[in-house]
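What follows is a set of notes on a single structure, which appears directly below.
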Amino acid sequence: MPSIDDVTDAPDELSDDRADELLEEADLVQDMMGEVCPYPQVEAKKGLQQLESGDLLVQETDHVPCTENVPKAVGDDAEAKVWRSGDATYRIYLRKQ
Amino acid sequence: MVSTLLVAAVVGIALGAFLQKGRFCFVNAFRDFFAYKDSRVTKGVLAATLLTMVFWGIAYQFGYYQGFWTPRWGLTGLVGGFIFGVGMTYAGGCASGTLYRAGEGYLQFWLTLLFMGVGYAGFTVAFPTLESTYFDALTFGEGVSLFAYSSLPAGLLALLVSGAALLVYATLTGRSSVGAALGERADAAEFRPAALAAPAVGLRQFADGTRAYFAGLARAWRNPIESSKQPWDPRTAALGITAAAVLWFTQVSIVGVTGPEARWTGYLLSQVGVDAGSFEYWGSVLFQGQGVGVTVDMVMIAFVIVGAFLAALWSGDFSVRVPKRRRLPNAVFGGLAMGAGSRLAPGCNIGNIYSGIAELSVHSFIAAVGIVAGVYVMTHWIYREVGCAI
Chain A
1 MPSIDDVTDA PDELSDDRAD ELLEEADLVQ DMMGEVCPYP QVEAKKGLQQ
51 LESGDLLVQE TDHVPCTENV PKAVGDDAEA KVWRSGDATY RIYLRKQ
Chain B
1 MVSTLLVAAV VGIALGAFLQ KGRFCFVNAF RDFFAYKDSR VTKGVLAATL
51 LTMVFWGIAY QFGYYQGFWT PRWGLTGLVG GFIFGVGMTY AGGCASGTLY
101 RAGEGYLQFW LTLLFMGVGY AGFTVAFPTL ESTYFDALTF GEGVSLFAYS
151 SLPAGLLALL VSGAALLVYA TLTGRSSVGA ALGERADAAE FRPAALAAPA
201 VGLRQFADGT RAYFAGLARA WRNPIESSKQ PWDPRTAALG ITAAAVLWFT
251 QVSIVGVTGP EARWTGYLLS QVGVDAGSFE YWGSVLFQGQ GVGVTVDMVM
301 IAFVIVGAFL AALWSGDFSV RVPKRRRLPN AVFGGLAMGA GSRLAPGCNI
351 GNIYSGIAEL SVHSFIAAVG IVAGVYVMTH WIYREVGCAI
């Protein structure tokens, strides 16, 4: 379905089930609720530095811009996916490359 | 008066909604560019400023405008702008960003607003001293807009400036892609003709990007309700903000945020018994001796919060967000630096980067340099453990 996401360059979205499954296998979960940019970006980069290749970092956030800015900030260091709850909370899944 | 209030409500709600939907954040625009060369929001800010410049230039040329805001110029813009830039980066939101995030339900940014108010009040108390020791010492000339100074028609001047900015942008983007295509083995002799081709390559990329953007916009229109709930491209926000700013310019004034906020501070303090009018800065400067009351620009920026609230509610992005305790210093010191810095400059990111450059005010060019320098320094400090790209 055509969406304005075509021009905003957002990461792929996860389904509710897949998001819950992945959360259980996460190697590091960062609670970023209430935090605003740029701290989630900085913490994501720091978190990825501690992890091994293939490990999964999950950030829980209620700051919408993070869903784009955090994946952008980590760049090629991680593959990013996003889950939107629909009520202003989000999870960002970063798989270290 | 009723029609002016209606314009204030329409412009404020539109600005709030477009800022929120486009995540139009001046901190993001510069910080993320310095930190990891992400220029999406930077492009939106540039597009909004240049588009507004063209439309304001034309409106000014034909006499459809209410007035410029051109403070006297000097090093005050550099010093105050730097303090403001440091403050907004630390707070995590600029003057406009703080307003729309307050509307989205961030309690942290209501606290930032409160401490911006403390900054305005502190500045007001210190103003008589600052006037002789700071403003007189660091101010060199009368404020002027190049629109009024130049003998060129204002509309043409705005188009020339925007065209020059576009050419610089095209050269930079063109050069980086030409350089990448040639690879690292290209020697200097090969690179020279390619460098000349850079503006053409960049302009073609710009044309392709613009075409792709409008194609995306046309696709989004097929499902208007669903698309309206998605986040928007910063360029879409730029178009909407420009439309609201043109309406405001023809009916009231240029768009400003911290000036009206400083008036709000004086007004709210007068409501709890402080004789705000007796302070020189509130009485004769901000309210111009007309009594401390609610002015139309104060109404407009209050509606920015309302517009952001409505847009966030519509998108499912509204919630009351409670900050972590470790973030309270950001709101307190960031707010204080923004409040005081915006008065010392004077002007915030909207007054100086957006409106000030759009009206070609000499003071605002200096203040914009100060603000961006402040963001640069603070970004490097926040990113000190993980490193900045620029």
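Chains as they are written, first to last, in UniProt numbering: chain A, 1 to 97; chain B, 1 to 390. Beta carbons: idealized from backbone N, C-alpha and C, even for Gly. None of these values were measured; they are calculated from a predicted model.
Residue i, DSSP secondary structure in three states
i         : result
Gln-66/B  : coil
Trp-73/B  : strand
Tyr-383/B : coil
Ala-188/B : Because Ala-188/B sits at a pLDDT of 49, beneath the cut-off of 50, its placement in the model cannot be relied upon, and the following sentence gives the value as read from the coordinates. Of the three classes helix, strand and coil, the one that applies to Ala-188/B here is helix, per DSSP.
Val-257/B : coil
Val-70/A  : helix
Thr-139/B : strand
Val-29/A  : strand
Val-58/A  : strand
Ser-145/B : strand
Glu-52/A  : coil
Ser-278/B : helix
Trp-314/B : helix
Gln-251/B : helix
Asn-352/B : helix
Ile-390/B : coil
Leu-166/B : helix
Asp-297/B : helix
Ala-345/B : coil
Check whether residue i and residue j have beta carbons under 8 Å apart
i             : j         : result
Ala-337/B     : Val-86/B  : yes
Trp-69/B      : Gly-339/B : no
Lys-96/A      : Pro-11/A  : no
Val-58/A      : Ala-78/A  : no
Ile-382/B     : Ala-368/B : no
residue 391/B : Ala-262/B : Given a span of 1 to 390 for chain B in the structure shown, any question on residue 391/B remains unanswerable.
residue 395/B : Phe-109/B : Outside the displayed range of chain B (1 to 390) lies residue 395/B, so it cannot be described from this structure.
Phe-127/B     : Gly-341/B : no
Ala-389/B     : Lys-21/B  : no
Arg-222/B     : Ala-198/B : no
Leu-56/A      : Leu-22/A  : yes
Gly-57/B      : Gly-155/B : yes
Phe-303/B     : Gly-16/B  : yes
Trp-232/B     : Gly-141/B : no
Ser-150/B     : Leu-157/B : yes
Gly-44/B      : Arg-219/B : no
Ala-35/B      : Asn-330/B : no
Thr-67/A      : Tyr-93/A  : no
Rounded Cβ spacing between residue i and residue j (contact assumed at less than 8 Å)
i         : j         : result
Leu-28/A  : Leu-14/A  : Not a contact, Cβ separation roughly 17 Å.
Leu-5/B   : Leu-75/B  : Not really, about 38 Å apart at Cβ, beyond 8 Å.
Ser-77/B  : His-380/B : Sequence check: residue 77/B is Gly here, not Ser. Contact doesn't hold; Cβ gap of about 22 Å is too wide.
Asp-297/B : Ser-253/B : 7 Å
Leu-19/B  : Ala-237/B : 7 Å
Thr-124/B : Phe-333/B : Contact doesn't hold; Cβ gap of about 19 Å is too wide.
Lys-46/A  : Val-386/B : 6 Å
Ala-358/B : Val-257/B : Wrong, their Cβ atoms sit about 14 Å apart, outside the cutoff.
Ala-29/B  : Val-41/B  : 4 Å
Contact with chain A by residue i, beta-carbon distance below 8 Å
i             : result
Tyr-106/B     : yes
Ala-95/B      : no
Asp-208/B     : no
Trp-381/B     : no
Arg-23/B      : yes
Val-375/B     : no
residue 440/B : Residue coverage of chain B in this structure runs from 1 to 390, which leaves residue 440/B outside it and unanswerable.
Phe-309/B     : no
Ala-35/B      : yes
Gly-92/B      : yes
Ala-188/B     : Note that Ala-188/B scores 49 on pLDDT, short of 50, meaning its location in the model is unreliable; the coordinates nonetheless yield the value given after this. It does not; no Cβ of chain A falls within 8 Å.
Asn-28/B      : yes
Pro-231/B     : yes
Lys-324/B     : yes
Min CB distance residue i to chain B below 8 Å
i        : result
Cys-37/A : yes
Asp-16/A : no
Asp-55/A : no
Val-64/A : yes
Val-42/A : yes
Ala-73/A : yes
Asp-87/A : yes
Gly-34/A : yes
Lys-45/A : yes
Identity of the residues DSSP links to residue i by a beta bridge
i         : result
Glu-79/A  : Arg-95/A
Arg-84/A  : Tyr-90/A
Tyr-106/B : Arg-321/B
Glu-13/A  : Val-82/A
Ser-364/B : None; Ser-364/B has no bridge partner.
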